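First up is the structure itself, then whatever we jot down about it.
Numbering (the numbering used here), first residue to last: 37 to 206.
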């Protein structure tokens, strides 16, 4: 089991799940089902891509120095923790009573063109009416709930990776 869960293998597993998650979102939900992602969905995808990018760099270069491994792990973990936080916020917005759901805004494209990045992030995290809409369920779970479970599993893989980093240096 020790040889299977190597530093490189765990990072490749994170890359694999990042690609699978993005492929599911783009090819199945967007292209096949015709669902357009809301701003919170897009932010969740960004975190998944950040995690995948750091894991890819880790897998390809397989750094030997503890500091390099920890920096890459922090980047990977930050990306997926971001996704978990945004997904949790998204689930919360979807469970608000109808009278408390935020009004629909002009959209992410407009915000990116007209506002500074901090305000864009604030606007997106505040949520909008389109983020509260439940457009598809699988096994009784909404897309953000599925994402929250998926991203939480990726955090667990990242924690196993951290354990491997620390154990190899001990």
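Quick reminder that beta carbons are idealized off the backbone N, C-alpha and C, glycines included.
These numbers were taken from a predicted model, which means no experiment stands behind them.
Note that the C-beta distance between residue 153 and residue 115 is not below 8 Å. Shown here, residue 84 sits in a helix according to DSSP, grouped into three states. In this structure, the alpha-carbon of residue 108 lies about 7 Å from that of residue 91. According to the DSSP assignment, residue 149 belongs to the alpha helix (DSSP H) that extends over 144–150. Within 10 angstroms of the beta-carbon of residue 64 lie fewer than 16 other beta-carbons, which makes it exposed. By the neighbour-count criterion, in which a residue is buried when 16 or more other Cβ atoms sit within 10 angstroms of its Cβ, residue 125 is buried. In the three-state scheme derived from DSSP, where H, G and I count as helix and E and B as strand, residue 173 is classed as strand.
Between the C-alpha atoms of residue 50 and residue 99 there is a straight-line separation of about 16 Å.
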